[in-house]
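S.K.: Just dropping this structure here.
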DNA sequence: TCATTGCTGATTGTCGACAATCGGCTAGAG
DNA sequence: CTCTAGCCGATTGTCGACAATCAGCAATGA
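Residue numbers (the working numbering), protein chains in the order written: chain A, 7 to 235; chain B, 7 to 235.
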């Protein structure tokens with residue numbers, strides 16, 4: 007008996023990434039929501055979307071479940087689905103949750119091969135820099151996600167990482183909104199990540215955690231916080 | 007224009023809780039998985055389940071998405087769905103994530119009306135005690151969930167609470183397994199929560215957080231943890 | 001004997017149609 | 001004029017059927 011275990015074919019090291027129909031629809035809708043082509047409070051009617059995308063309503067339904075899980079839309083059973091509005095309180099809520107999860111991933115240090123991590127972070131940062139120069143917000147947000155994903159990944163904490171990634175979309179939405187509203191330079195984002203990379207390179211865990219805290223929570227009123235760090 | 011906002015009818019204070027078909031199926035399957043009627047590695051075939059429950063495959067599909075999100079089953083696209091096996095490492099992973107989320111909810115203290123919280127916790131604990139006396143594992147786990155939900159709820163951190171609740175099922179599975187394996191008395195569970203309630207009653211936040219840490223992490227080797235507390 | 005190619009049963013992916021439910025509108029009673 | 005009950009269009013919930021895909025097996029050729 008050598009190989010009767012239910013091996014999982016093609017899961018992570020996917021050469022070919024096959025996107026299912028619901029996933030493709032989900033991506034399209036997510037992109038529209040994040041780019042405000044579907045502003046908050048917009049009603050999503052299954053039949054309309056099905057017709058537009060040329061798929062069945064079941065497929066749309068499936069995609070919308072995913073968006074609901076990401077917090078991008080709200081589904082009121084038997085009534086309607088609607089694009090979620092994020093209040094300033096929600097922004098704080100998301101950022102805090104995100105910080106908590108990311109910070110908790112550092113409790114075991116930065117893993118064995120810090121050099122490799124630094125190299126990967128560096129690469130992500132350079133791509134981010136390129137995106138900033140090209141004024142490509144989509145790419146910038148994507149690089150931001152990848153950068154933080156690398157940090158969260160070293161812990162090996164699968165649940166923490168999974169839960170963290172649930173907030174990806176909402177975090178991306180916030181990032182775009184913040185940059186738009188305050189009319190920030192995209193290059194600022196690069197700068198804000200350089201300090202994180204520096205802390206990792208120096209192997210200074212305490213500084214890294216402090217910087218991550220700043221990264222996520224600066225700009226929000228801190229009423230009596232005292233969590234570790 | 008007085009009331010053209012999309013009010014959300016019947017959302018939280020639901021007098022009548024209508025369980026949709028997928029939700030009902032999800033509950034049934036969840037119950038079977040948690041009670042080991044569907045052991046790890048069991049294949050879930052949509053057609054079979056559809057026939058058994060007397061619903062369509064789409065409904066089963068919907069339910070299985072939910073179980074996947076809870077981490078109870080794994081869905082390999084175009085291949086099969088299978089009940090997840092939890093390794094000891096997974097157990098530690100879940101407990102740590104759970105601790106992190108719950109602990110982070112205490113960063114603002116215990117809210118204004120601690121008396122009300124204490125009362126609610128007390129009630130949950132009494133029900134838990136009754137469940138223990140009746141040797142009713144289902145009820146015990148349910149009370150455990152409610153107890154901790156009360157704690158997490160006072161923070162007002164919606165995302166943290168939502169992410170926390172994602173782990174409910176897996177946590178329940180661990181709890182059952184732990185009690186079965188070590189042949190613990192159900193009354194021990196009650197005892198383990200009494201200390202949490204006491205800390206809340208005394209308003210001793212530091213002690214509460216320390217106890218919560220112990221609650222979730224005792225029994226796992228702590229290799230150099232240093233997170234806040 | 002061994003590797004490769006084409007079938008085949010089992011299972012999931014997708015679809016279009018029908019049923020149930022909702023809020024808003026309208027008509028009738030008081 | 002106001003209130004209530006019932007109808008109606010719009011939308012979601014559910015279903016059964018068909019299409020696509022997969023792993024395993026059989027047939028073929030070297």
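Every residue gets a Cβ at the ideal spot worked out from N, C-alpha and C, and that includes glycine.
Is the beta carbon of residue 138 (chain B) less than 9 Å from the beta carbon of residue 195 (chain B)?
M.R.: The answer is yes: Cβ separation under 9 Å.
S.K.: For the alpha helix (DSSP H) holding residue 53 (chain B), just list the boundary residues, first then last.
M.R.: That run of the alpha helix (DSSP H) goes 52–59.
S.K.: Under 9 Å, Cβ to Cβ, is there at least one residue of chain A near residue 26 (chain B)?
M.R.: Yes, because at least one Cβ of chain A sits closer than 9 Å to the Cβ of residue 26 (chain B).
S.K.: May I ask you to list the residues that DSSP assigns as paired with residue 87 (chain B)?
M.R.: According to DSSP, which records beta bridges pairwise, residue 87 (chain B) is partnered with B:50, B:81.
S.K.: Decide if residue 135 (chain B) is buried, meaning its Cβ has at least 16 other Cβ atoms within 10 Å, or exposed.
M.R.: Classification of residue 135 (chain B): buried, given that the 10 Å Cβ count is 16 or more.
S.K.: Pull up the distance between the alpha-carbon of residue 210 (chain A) and that of residue 113 (chain A), whole angstroms please.
M.R.: The alpha-carbon atoms of residue 210 (chain A) and residue 113 (chain A) are separated by roughly 13 Å.
S.K.: Specify the secondary structure class of residue 11 (chain A) as computed by DSSP and reduced to three states.
M.R.: Below a pLDDT of 50, predicted positions are generally treated as unreliable, and residue 11 (chain A), at 35, falls in that range; no measurement from the model is reported.
S.K.: Does residue 72 (chain A) pass the burial test, meaning 16 or more other C-beta atoms within 10 Å, or should it be called exposed?
M.R.: Result: buried.
S.K.: By how many angstroms is the C-alpha of residue 206 (chain B) removed from the C-alpha of residue 19 (chain A)?
M.R.: Legend: pLDDT at residue 19 (chain A) = 49, less than 50; position of this residue unreliable, value from coordinates given subsequently. If you take the alpha carbons of residue 19 (chain A) and residue 206 (chain B), they lie about 47 Å apart.
S.K.: Give me the Cα-Cα distance between residue 14 (chain A) and residue 90 (chain B), rounded to the nearest whole angstrom.
M.R.: Below a pLDDT of 50, predicted positions are generally treated as unreliable, and residue 14 (chain A), at 40, falls in that range; no measurement from the model is reported.
S.K.: Residues of the stretch 150–166 of chain B in Cβ contact with chain A at a cutoff of 7 Å, in chain order, please.
M.R.: Answer in chain order: 163, 164, 165, 166.
S.K.: Should the stretch 52–67 of chain B be called in touch with the stretch 90–107 of chain B, which here means at least 3 C-beta pairs below 8 Å?
M.R.: Too few Cβ pairs lie closer than 8 Å, so no.
S.K.: Enumerate, from N- to C-terminal direction, the unbroken alpha helix (DSSP H) stretches of 4 or more residues contained entirely within the stretch 101–145 of chain B.
M.R.: Runs found: 120–139.
S.K.: Determine the direct distance from the alpha carbon of residue 104 (chain B) to that of residue 68 (chain A), and round the result to whole angstroms.
M.R.: The alpha-carbon atoms of residue 68 (chain A) and residue 104 (chain B) are separated by roughly 28 Å.
S.K.: Can you give me, in chain order, the residues of the stretch 43–71 of chain B that have a beta carbon less than 9 Å from any beta carbon in chain A?
M.R.: Cβ contacts with chain A: 47, 49, 64, 67, 68, 71.
S.K.: Sorted by chain position, which residues of the same chain lie with C-beta nearer than 7 Å to residue 224 (chain A)'s C-beta, five sequence neighbours on each side aside?
M.R.: Once the five neighbours on either side are set aside, residue 224 (chain A) has no close Cβ partner at all.
S.K.: Quick one: Cα of residue 200 (chain A) to Cα of residue 49 (chain A), how far?
M.R.: So the alpha carbons of these two residues sit roughly 40 Å apart.
S.K.: One question on the structure: do residue 218 (chain B) and residue 109 (chain B) come within less than 9 Å of each other, judged by their Cβ atoms?
M.R.: Cβ atoms of residue 218 (chain B) and residue 109 (chain B): closer than 9 Å.
S.K.: Taking the CB atoms as reference points, tell me whether residue 167 (chain B) and residue 161 (chain B) lie closer together than 9 Å.
M.R.: Yes, the pair counts as a contact, with Cβ atoms nearer than the cut-off.
S.K.: Whose Cβ in chain B lies nearer than 8 Å to the Cβ of residue 138 (chain A)?
M.R.: Those within 8 Å of residue 138 (chain A) in chain B number zero; the least Cβ separation is about 28 Å.
S.K.: Going by DSSP in three states, residue 210 (chain A) sits in which element: helix, strand or coil?
M.R.: In the structure shown, residue 210 (chain A) sits in coil (DSSP, three-state: anything other than H, G, I, E or B).
S.K.: Take residue 51 (chain B) as the anchor and find which of B:84, B:94, B:30, B:171 has the nearest alpha-carbon.
M.R.: Comparing Cα-Cα distances from residue 51 (chain B) to each of B:84, B:94, B:30, B:171, the minimum goes to B:84.
S.K.: When you compare each of A:182, A:159, A:204, A:46 to residue 148 (chain A) by their alpha carbons, which one comes out closest?
M.R.: Cα-wise, what sits closest to residue 148 (chain A) is A:182.
S.K.: Does any residue of chain B have a CB that is nearer than 9 Å to the CB of residue 117 (chain A)?
M.R.: Cβ-Cβ to chain B under 9 Å: no for residue 117 (chain A).
S.K.: Starting from the Cα of residue 165 (chain B), find the closest Cα among A:106, A:26, A:62, A:165 and give me that residue.
M.R.: It is A:106 whose Cα lies nearest to the Cα of residue 165 (chain B).
S.K.: Using three-state DSSP, classify residue 24 (chain A) as helix, strand or coil.
M.R.: Coil at residue 24 (chain A), not helix or strand.
S.K.: Mapping the DSSP letters down to three states, classify residue 193 (chain A) as helix, strand or coil.
M.R.: DSSP places residue 193 (chain A) in helix when its eight states are reduced to three.
S.K.: Please say whether residue 203 (chain A) and residue 131 (chain A) have beta carbons closer to each other than 9 Å?
M.R.: Going by C-beta atoms, residue 131 (chain A) is nearer than 9 Å to residue 203 (chain A).
S.K.: Taking the C-alpha atoms as reference points, what is the distance between residue 150 (chain A) and residue 123 (chain B)?
M.R.: Rounded to the nearest angstrom, the two C-alpha atoms are 40 Å apart.
S.K.: With DSSP collapsed to three states, give me the class of residue 218 (chain A).
M.R.: Three-state DSSP puts residue 218 (chain A) in a helix.
S.K.: Within 10 angstroms of the Cβ of residue 158 (chain B), are there 16 or more other Cβ atoms? Answer buried if so, exposed if not.
M.R.: When all chains shown are included, residue 158 (chain B) counts as buried.
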